[in-house]
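Notes to accompany the following structure.
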Amino acid sequence: MSLKGKHMLCTQDWSREELEEILVLAEDMQRERYTDKYARVLDRRTFFMFFYNPSVRTRQSFECAATELGGHAQFLEPKSMRLKTKNTAGETIEDAAKVMSRYACGIGIRILEDKIGSYGEGHALCQEYAQHSEVPIVSMAHDKFHPCQGLADMQGLRQHWGREQVKGKKLLQVWGHGALARSWCSVQESILISSRFGMDVTLAYPEGYDLDPRVIEQTRENCRENGASFAIENDPVECYQGADVVYSRNWMHPDTYRDGELRKSEEIERALGYPQWICDEEKMQKTNDALFTHPMPIDRGHEVSDPVADGPRSIIYDVAENRLHVQKALMALTMSDLK
Ligand code: CP
């Protein structure tokens, strides 16, 4: 199967077989990291990384990925281009995408909560680039999805349990209070990919913190198709019962966008009103000796306590490392002639 030219805006757009191909190649790329096996895959090719928002893991891992494949990654920001926006004249996305496609082998885009006025605008922008680009568009995290994070999460679970042992395990995807109003991308990607791989999914959050209903419906459908269960709970303690992996993460209330604006400080004040929503050692006692994971950056002391984040069951740094391996595999399969 050839994946060359395929965009990656959400893992849900890819078949299970295609996702498997990325994950298996990522495992080999991890093993062969410093051998010559994949060292020329992106020879003389450049990957554009277009960041509306800052990043530690995403920028660094994509840049390392391009280097390790023998290519180059170029950092771009909106201020380095003259793009048309709602309020300013400039180049259309169509023209920018067509021109950028003539230079690069692929284009990554990150656009998160504070660079848009309503949920879905970031996704629409990525889709517009994908419509006009002649090279793959990769979401480097946008308001709806974070596919590379989802792949890295899945690789982390397979590393710890084995490829075939993920199915039937229980993921607790639990909200954490905090001083950040985070977008829904990592959490929505996580429940989608976990349910594709046959995991039972429990989503736990304080009443009102609902995610995108279309993503919830898709997760339910994935669970039905894969013989898994899906539940939503609102109890910050009982939800831990029987979990095999706990993934704590803050996400913003759906009312955070109002009248075309992100009400961030209002949301932070609301979220800090739920101090019982923290993943700590006492709650982890209720689990099935669960792994702990988080996409990082962590809001320590709010989303999770230090002893859990730094404890023996935490896989946070493995998952962060996996960003490199899955992105190398994705780039190789979609942007090179690697078969
Ligand atoms: N997990 C993740 O995307 O991290 P960064 O925001 O640092 O890129």
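Here this note's numbering is used: the first residue of the sequence shown is 1045, the next is one more, and so on. We put the CB at the ideal spot given by N, CA and C, even for glycine.
Between the beta-carbon of N1366 and the beta-carbon of G1200, is there less than 8 Å?
yes
So, is L1316 buried or exposed, given that buried needs 16 or more other C-beta atoms within 10 angstroms?
Exposed.
Assuming the contact rule is C-beta atoms closer than 8 Å, D1256 and Q1217 should be a hit. Round their C-beta distance to whole Å, please.
At roughly 14 Å, the Cβ-Cβ gap does not stay under 8 Å, so D1256 and Q1217 are not in contact.
Give a single yes or no on whether A1225 has its beta carbon closer than 7 Å to a heavy atom of ligand 1.
no
Would the beta-carbon of M1328 be found less than 7 Å away from any heavy atom of ligand 1?
no
Looking at D1197: is its Cβ nearer than 8 Å to the Cβ of E1165?
no
Tell me whether H1369 counts as near ligand 1, meaning its Cβ is closer than 7 Å to at least one heavy atom of that ligand.
no
Restricting to Cα atoms, I'd like to know which of T1111, L1335, L1169, G1212 is closest to G1242.
G1212
With respect to 7 Å, is the separation between the Cβ of A1185 and the closest non-hydrogen atom of ligand 1 below this value?
Ligand 1 approaches A1185 closely enough that one of its heavy atoms is under 7 Å from the residue's Cβ.
Taking just the CA atoms, how far does N1131 sit from E1061?
43 Å
Quick one: what does DSSP say M1184 is sitting in, helix, strand or coil?
M1184 sits in a strand when the DSSP states are folded into three classes.
Among H1167, R1226, R1240, which one has its Cα closest to the Cα of L1063?
R1240
Does DSSP put G1200 in a helix, in a strand, or in coil?
Looking at G1200 - three-state DSSP - the assignment turns out to be helix.
Go ahead and pull the three-state DSSP assignment for V1068.
helix
Any idea which residues DSSP pairs Y1385 with across the strands?
Past the edges of the chain, shown from 1045 to 1383, lies residue 1385, and the structure says nothing about it.
Give the DSSP-derived three-state secondary structure of H1116 in the structure shown.
strand
Pull up the CB-CB distance for R1154 and S1238, whole angstroms please, since I reckon it's below 8 Å.
That pair is no contact at about 23 Å.
Please name the residue, chosen from K1159, G1304, L1086, that lies closest to Q1371 on a Cα-to-Cα basis.
If we check each option's Cα against that of Q1371, L1086 comes out closest.
Which of the three DSSP states is assigned to C1323 in this structure?
strand
So, at 8 Å on beta carbons, what are the nonlocal neighbours of R1226 in its own chain, with the 5 sequence-adjacent residues on each side left out?
E1157, R1293, N1294, W1295, M1296
Out of curiosity, what's the CA-to-CA distance linking C1149 and A1185?
19 Å
From Y994 to V1245, what distance separates their C-alpha atoms?
Because residue 994 is not part of the residues shown, which for the chain are 1045 to 1383, the question remains open.
May I ask you to report which of helix, strand or coil DSSP gives V1100?
coil
G1465 lies in the beta strand (DSSP E); which residues open and close that run?
Only positions 1045 to 1383 of the chain appear in the structure, and residue 1465 is not among them; the question remains open.
Checking 8 Å against the spacing of the C-beta atoms, do Q1285 and Q1056 come in under that value?
no
Name the two residues that bound the continuous beta strand (DSSP E) containing I1276.
1274-1277
With hydrogens ignored, establish whether the beta-carbon of Q1193 is closer than 7 Å to any heavy atom of ligand 1.
yes
Tell me whether the beta-carbon of G1049 lies closer than 8 Å to the beta-carbon of P1250.
It is not a contact, given that the beta carbons lie outside the stated cut-off.
Looking at the unbroken beta strand (DSSP E) that takes in S1292, where does it start and where does it end?
1289-1293 is the span of the beta strand (DSSP E), which, as asked, contains S1292.
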